[in-house]
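> FYI, the numbering for the sequence shown is 111 to 522, going by this note's numbering. For each residue, glycine too, the CB sits at the ideal point set by N, CA and C. Below you'll find the structure I mean.
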Amino acid sequence: MKSWRKWILVVLLAWLLFFLSLLCHILDLRSASVHQTRSAADSGLRRTETRHLASVQTRTWSLRPAGRSEEDWRKRRTDFRSRDYYRRRSLEVLQRLWTGNLTVRMLSPRLQKVLKVQLSSNKHQVVYRGQRGVHKSGLQLYCDLKRRTRIRTVDGTEEPFSGFGWDRLVPSLTLQELRRSQYQSCAVVTSAGAVLNSSLGPEIDSHDAVLRFNAAPTRGFEKDVGNKTTIRIINSQIVARPKHQFSSSSLYQDVTLVVWDPAPYSANLSTWFKKPDFDLFSAYVERRQLRPEQPFYILHPEFIWSLWDLIQDNTEDQIQPNPPSSGFIGILLMMSLCREVSVYEFIPSVRRTDLCHYHERYVDAACTLGAYHPLLYEKLLVQRINEGSDHELRTKGKVTLRGFSSVHCENT
Numbered sequence: 111m112k113s114w115r116k117w118i119l120v121v122l123l124a125w126l127l128f129f130l131s132l133l134c135h136i137l138d139l140r141s142a143s144v145h146q147t148r149s150a151a152d153s154g155l156r157r158t159e160t161r162h163l164a165s166v167q168t169r170t171w172s173l174r175p176a177g178r179s180e181e182d183w184r185k186r187r188t189d190f191r192s193r194d195y196y197r198r199r200s201l202e203v204l205q206r207l208w209t210g211n212l213t214v215r216m217l218s219p220r221l222q223k224v225l226k227v228q229l230s231s232n233k234h235q236v237v238y239r240g241q242r243g244v245h246k247s248g249l250q251l252y253c254d255l256k257r258r259t260r261i262r263t264v265d266g267t268e269e270p271f272s273g274f275g276w277d278r279l280v281p282s283l284t285l286q287e288l289r290r291s292q293y294q295s296c297a298v299v300t301s302a303g304a305v306l307n308s309s310l311g312p313e314i315d316s317h318d319a320v321l322r323f324n325a326a327p328t329r330g331f332e333k334d335v336g337n338k339t340t341i342r343i344i345n346s347q348i349v350a351r352p353k354h355q356f357s358s359s360s361l362y363q364d365v366t367l368v369v370w371d372p373a374p375y376s377a378n379l380s381t382w383f384k385k386p387d388f389d390l391f392s393a394y395v396e397r398r399q400l401r402p403e404q405p406f407y408i409l410h411p412e413f414i415w416s417l418w419d420l421i422q423d424n425t426e427d428q429i430q431p432n433p434p435s436s437g438f439i440g441i442l443l444m445m446s447l448c449r450e451v452s453v454y455e456f457i458p459s460v461r462r463t464d465l466c467h468y469h470e471r472y473v474d475a476a477c478t479l480g481a482y483h484p485l486l487y488e489k490l491l492v493q494r495i496n497e498g499s500d501h502e503l504r505t506k507g508k509v510t511l512r513g514f515s516s517v518h519c520e521n522t
């Protein structure tokens with residue numbers, strides 16, 4: 111009897127151990143399931159929070175901070191969206207510029223708005239009487255440029271300059287007469303930020319003559335822009351504003367200087383003399399008296415506006431009623447003085463940047479595609495007569511042009 115009871119106790123104990131083991135296993139499974147569910151819930155919560163954060167971030171520019179006017183905030187928001195828009199489309203814009211297929215509609219909303227403002231302002235009372243959008247082939251366009259580009263400077267024989275004895279003040283030789291023989295190869299080096307890290311300096315300096323603009327330095331940038339300067343085109347701000355130190359800076363010494371100022375479209379010299387955009391005349395007289403041996407010229411307003419007419423004639427769109435850029439003026443000037451002209455970063459390379467000038471920390475897409483000046487249309491026109499390779503245009507920002515003496519036209 112005692113033996114039988116022992117066996118009963120052993121069996122019951124075994125069943126109890128088995129039951130406890132099974133119970134523990136079931137509890138472990140439930141615990142794991144609950145933990146997994148909570149993890150999934152936490153993960154879902156984090157994803158929801160991330161989506162919410164992203165939503166908040168995208169709405170940031172829609173919320174006006176306290177202390178800002180509605181107008182100021184809308185401007186900042188528009189600028190932000192325009193920059194983002196331009197970054198996303200910059201490559202497409204650049205490719206279309208390389209192929210000459212860029213239109214105003216592809217510009218950022220901000221630049222389109224600025225263009226409309228400039229078109230409506232007409233500060234210089236432009237009255238265009240030509241025919242827009244005349245289509246010409248490469249040679250036809252070259253010949254048109256050659257026929258219509260006649261370098262003209264203030265020679266002191268017209269009023270009011272003649273009344274002040276300017277015929278004895280200006281250089282006795284014209285720009286074209288400075289050299290007995292024509293330059294064979296010339297480089298036009300723009301001040302664009304895209305020239306940085308180009309290593310184009312040695313190539314630029316290999317040309318017979320090098321044209322630079324305004325206050326663009328060479329010191330410290332020789333590797334990219336070279337060191338040689340033959341002619342420097344400057345706008346009237348350079349000679350009028352003290353910050354540029356025109357009278358003392360070495361940038362404006364030992365070179366041929368060519369200055370220009372936005373005059374009325376009518377090219378009324380008396381009106382211009384009384385009220386220039388910046389007072390270039392006082393600085394010119396002072397410089398000619400102190401350094402009579404330095405070739406220094408003032409571009410005639412008729413020459414400036416003849417280039418504007420040329421751009422408008424060859425463009426279907428209505429262009430900004432403002433003078434061409436210094437860059438375009440310089441290109442046409444050197445085409446008149448040289449047999450071949452290499453232009454660097456007027457049409458940007460793959461290094462395109464919104465940095466306006468390689469020597470300044472100022473960023474604005476308008477410096478490349480235009481706001482005040484009809485830059486976009488200038489670039490499209492230059493692209494049409496480019497005789498260089500696509501590879502050089504894209505990698506160097508280099509355009510190769512024939513000088514007018516190398517262009518052979520009928521009846522010229």
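For the alpha helix (DSSP H) that contains residue 452, what are its first and last residues?
Residue 452 -> not in any alpha helix (DSSP H); beta strand (DSSP E) instead, spanning 448 to 454.
> Out of curiosity, what's the CA-to-CA distance linking residue 491 and residue 515?
19 Å
> Consult DSSP for residue 439 and reduce its assignment to one of helix, strand or coil.
helix
> Taking the runs of the beta strand (DSSP E) that are 3 residues or longer, which of them lie wholly in the segment 278 to 324?
293 to 299 and 319 to 323
> Would you mind working out which of 325, 260 and 343 sits nearest residue 355, comparing C-alpha positions?
325
> Give me the Cα-Cα distance between residue 265 and residue 277, rounded to the nearest whole angstrom.
6 Å
> Going by DSSP in three states, residue 162 sits in which element: helix, strand or coil?
With a pLDDT of 31 at residue 162, under the threshold of 50, the modelled position of that residue is not reliable, and the figure given next carries that caveat. In the three-state reduction of the DSSP assignment, residue 162 falls in the helix class.
> Within the segment 482 to 513, note down every full alpha helix (DSSP H) run reaching 4 residues or more, in order along the chain.
If we require 4 residues or more, the alpha helix (DSSP H) runs fully inside the segment 482 to 513 come out as 485 to 494 and 500 to 506.
> If you drop the 5 nearest sequence neighbours on each side, which residues of the same chain put their C-beta closer than 8 Å to that of residue 472?
465 and 466
> Helix, strand or coil: which one does DSSP assign to residue 227?
Three-state DSSP puts residue 227 in a helix.
> Roughly how far, in whole angstroms, is the beta-carbon of residue 300 from the beta-carbon of residue 437, given that I think they are within contact range, below 8 Å?
5 Å
> Across which residues does DSSP place residue 263 in a beta bridge pair?
Paired residue(s): 409.
> Around the Cβ of residue 477, are there at least 16 other Cβ atoms within 10 angstroms (buried) or fewer (exposed)?
buried
> Who are the Cβ neighbours of residue 495 in its own chain at under 7 Å, not counting the five residues just before and after it?
248, 251, 252 and 511
> So residue 421 packs on residue 375, CB below 8 Å; how close in whole Å?
13 Å between Cβ atoms; not a contact.
> Sort 405, 520 and 459 by Cα distance to residue 205 and report the nearest one.
Of 405, 520 and 459, the residue nearest in Cα terms is 459.
> Counting only runs of 4+ residues fully inside the segment 378 to 410, write out the alpha helix (DSSP H) ranges in chain order.
379 to 384 and 390 to 400
> Taking just the CA atoms, how far does residue 268 sit from residue 306?
43 Å
> Would you kindly report the start and end of the unbroken beta strand (DSSP E) that includes residue 366?
Run containing residue 366: 366 to 370, per the beta strand (DSSP E) assignment.
> On the three-pair Cβ rule with 8 Å, is the segment 309 to 329 touching the segment 425 to 432?
Here the segment 309 to 329 makes no contact with the segment 425 to 432; the two share fewer than three CB pairs at distances below 8 Å.
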